[in-house]
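Chains as they are written, first to last, in the working numbering: chain A, 1 to 295; chain B, 1 to 295.
C-beta: ideal position from N, C-alpha, C; glycine also.
These notes are about the structure you will find just below.
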């Protein structure tokens with residue numbers, strides 16, 4: 001783990017960290033904001049509480065950098081004493097499979113473990129070799145962070161994300177309710193098995209014939225059987241150009257209502273899919289997570 | 001004036017506007033955030049107060065976009081009912097003089113009216129033709145904004161800026177105290193006549209022999225003779241790598257103290273020159289301007 005840059009920000013420290021990922025087979029970079037409270041929370045010091053973590057998963061085309069420079073989570077995280085962790089959206093590099101399309105390959109990892117090898121799919125690409133963002137986010141990244149010198153509380157992790165990252169946050173939390181304390185999303189893809197972005201990515205990464213395997217990465221399917229019992233917050237702009245074709249949050253809301261899961265789906269008037277939307281509600285999401293991470 | 005994009009943001013609207021500048025001889029683009037209060041302040045409606053404006057001048061290499069996406073002024077401006085205007089830092093285009101250096105030419109207008117024509121300087125470039133950012137910011141931009149349909153109060157304008165833009169804000173306000181209600185800066189160049197950035201730019205734009213003319217664009221020189229009487233807020237990171245060679249805020253503070261001008265120069269511990277610094281204190285600058293723009 002190598003700190004490639006560090007800037008004081010909102011009273012805390014914004015780090016950019018690079019490390020070798022054995023799961024993904026490439027170097028990976030992530031952002032880590034450490035709130036001011038952590039300077040008084042040296043690891044292992046008796047009587048000092050480590051700070052909880054909010055993990056943010058970004059959308060298509062993004063790296064660690066988009067939310068760090070445009071999301072403005074730092075001020076709210078500094079206020080509430082929360083570390084903010086923002087990984088990249090896929091493995092990257094010359095040796096990593098890719099596609100010319102913005103919604104497939106590098107920048108579009110979809111937070112799943114690909115199963116399609118070089119001889120399996122029509123595209124002939126070996127996605128299975130590197131595209132294992134599920135294992136990276138669930139296993140390797142927490143392990144890397146937990147082994148650092150920073151006093152982070154690995155038992156208090158909240159998760160959120162935007163668009164493809166909202167899909168990532170929902171699916172990862174709903175599969176492992178015991179591992180995450182809080183869950184929210186901005187304009188998430190909730191039913192990837194049934195929308196073009198998801199059908200294209202799942203066909204390439206998981207195989208077009210393996211539709212049963214797709215359901216392990218479909219928030220609506222997971223919500224049907226999850227034991228997740230905490231409140232969920234979703235913000236969605238009603239002028240988002242992807243709303244009707246790709247996002248369809250009502251499909252998720254219908255299941256939540258039937259299962260009496262406390263979902264607050266807020267349709268935000270006039271907002272689009274951009275970081276103008278995310279920055280507008282980021283502080284409220286951080287406050288939402290802070291309430292549950294306190295417990 | 002053509003609105004090239006519009007997004008709802010923090011309850012207001014973030015516009016990107018393009019217009020033909022006759023002063024600069026090229027198309028110019030600026031950002032304009034309209035706070036939610038303006039929807040109730042239609043121009044000319046009796047009994048409705050138009051909203052004041054905070055003009056933000058950016059630093060070297062920036063366009064309108066940097067502060068719009070990274071500065072996070074929108075939330076504070078929405079709270080206080082202030083429009084936020086963010087112009088570009090120079091004329092631009094194929095027919096406009098330029099330099100390969102980041103600190104001269106396009107992206108480095110230094111908020112002055114160049115006097116050096118094609119035959120005047122060692123570089124042989126015609127800076128005088130397009131590089132007239134002083135006239136653009138002082139005259140043309142307010143005129144363009146004032147002629148729009150938006151209910152903006154052209155008699156209540158505050159001005160701020162970062163680095164080269166801090167130099168712009170200070171010099172423009174100190175030359176015309178009656179025209180601006182409030183003044184602040186982030187890490188400004190306060191003595192350009194005496195630091196490398198300023199010496200290089202002023203030599204090219206104004207002529208290396210015309211040192212008397214330089215003083216009209218030197219905040220320290222202007223502070224000596226200004227009638228500006230309102231408080232001035234300056235934030236400066238003490239880990240800013242440009243502090244000692246290019247910025248030297250103590251030179252400005254010494255004159256302010258001698259003249260009993262209410263300057264608050266806050267040395268911010270650990271902060272650098274980046275937008276991580278700006279975003280950390282933007283809300284406080286907006287609140288500072290709001291107090292004076294209310295009067």
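Contained alpha helix (DSSP H) runs [length at least 4] in the stretch 125 to 172 of chain B, N- to C-terminal order = 127 to 130 and 141 to 146
Does any heavy atom of the ligand HEM sit closer than 6 Å to the C-beta of residue 279(B)?
-> Among the ligands in the structure shown, none appear at all, so the ligand HEM cannot be discussed.
Along chain B, in chain order, which residues have C-beta atoms closer than 9 Å to that of residue 69(A)?
-> 69, 70, 275, 276 and 279
Would a check of beta-carbon distances place residue 77(A) closer than 7 Å to chain B?
-> no
Whole angstroms is fine: what's the gap from residue 136(A)'s alpha carbon to residue 24(A)'s?
-> Cα to Cα, the separation comes out at about 7 Å.
For the stretch 16 to 29 of chain A, which residues have a beta carbon sitting closer than 7 Å to at least one beta carbon of chain B?
-> Hits within the stretch: zero.
Alpha-carbon to alpha-carbon, residue 211(B) and residue 11(A) | 41 Å
Residue 296(A), enclosing beta strand (DSSP E) - first and last residue = Because chain A is modelled from 1 through 295, residue 296(A) falls outside the range shown and cannot be assessed.
Grab me the residues of residue 107(B)'s own chain with a C-beta within less than 6 Å of its C-beta, minus the 5 sequence neighbours each way, in chain order.
-> Within the same chain, residue 107(B) has close Cβ partners 61, 89 and 90.
Spatial neighbours of residue 251(B) in its chain, beta-carbon cut-off 7 Å, leaving aside the 5 residues before and after = 190, 191 and 220.
Closer than 7 Å to chain A by CB, residue 272(B) = yes
Using DSSP with H/G/I as helix, E/B as strand and the rest coil, what is residue 112(A)?
-> coil
Classify residue 102(A) as buried or exposed, calling it buried when 16 or more other Cβ atoms lie within 10 Å of its own Cβ.
-> exposed
Supposed contact pair residue 271(B) and residue 299(A) - C-beta distance, whole angstroms, cut 8 Å | Past the boundaries of the shown model lies residue 299(A); chain A is included only from 1 to 295, so the question cannot be answered.
Kindly say whether residue 58(B), judged by its beta-carbon, lies nearer than 7 Å to any beta-carbon of chain A.
-> no
If we call anything under 7 Å between Cβ atoms a contact, is residue 84(B) one with residue 150(B)?
-> no
Contact list for residue 62(B) against chain A, beta-carbon separation under 9 Å | None at all; the shortest Cβ gap to chain A is about 13 Å.
Grab me the residues of residue 96(A)'s own chain with a C-beta within less than 7 Å of its C-beta, minus the 5 sequence neighbours each way, in chain order.
-> Non-local C-beta neighbours of residue 96(A) in its own chain, meaning closer than 7 Å and more than five positions away in sequence, comprise 26, 106 and 130, ordered along the chain.
With a 10 Å radius around its C-beta and 16 neighbouring C-beta atoms as the bar for buried, classify residue 109(B) as buried or exposed.
-> buried
With a cut-off of 7 Å, does the C-beta of residue 301(A) fall near any C-beta of chain B?
-> Only positions 1 to 295 of chain A appear in this structure, which leaves residue 301(A) out of reach.
Assuming residue 157(B) and residue 53(B) form a contact by the criterion Cβ under 8 Å, report the distance between their Cβ atoms to the nearest whole angstrom.
-> 5 Å
Report yes if the CB atom of residue 205(B) is closer than 7 Å to the CB atom of residue 116(B), and no otherwise.
-> yes
Any Cβ of chain B within less than 7 Å of the Cβ of residue 116(A)?
-> no
Can you list, in chain order, the residues of the stretch 213 to 235 of chain A whose Cβ is nearer than 7 Å to any Cβ on chain B?
-> none
Measuring alpha carbon to alpha carbon, tell me which of 126(B), 184(B) and 208(B) ends up nearest residue 304(B).
-> Nothing can be reported for residue 304(B), as the shown portion of chain B is limited to 1 through 295.
Mind checking the stretch 141 to 171 of chain A against chain B and listing, in chain order, the residues whose C-beta falls within less than 8 Å of any C-beta there?
-> Per Cβ criterion, the list is empty.
Can you tell me the Cβ-Cβ gap for residue 232(B) and residue 255(B), rounded? I've got them flagged as a contact below 8 Å.
-> Contact flag wrong, Cβ pair sits at about 11 Å.
Is residue 235(A) closer than 7 Å to residue 186(A) when the C-beta atoms are compared?
-> For residue 186(A) and residue 235(A), yes; Cβs fall inside 7 Å.
Compare the C-beta of residue 7(B) against all C-beta atoms of chain A and say whether one is closer than 7 Å.
-> yes
Taking DSSP as the reference, what is the three-state secondary structure of residue 303(B)?
-> Absent from the model: residue 303(B). The displayed extent of chain B is 1 to 295, so no value can be given.
Using a Cβ-Cβ cut-off of 7 Å, state whether residue 14(B) counts as contacting chain A.
-> So, interface residue.
Selection from 273(A), 155(A) and 20(A) that minimises the alpha carbon distance to residue 293(A) | 155(A)
Provide the residue span of the beta strand (DSSP E) that contains residue 86(B), from first to last.
-> 83 to 86
Residue from 242(A), 55(A), 153(A) and 176(A) whose Cα sits closest to the Cα of residue 165(A) = 55(A)
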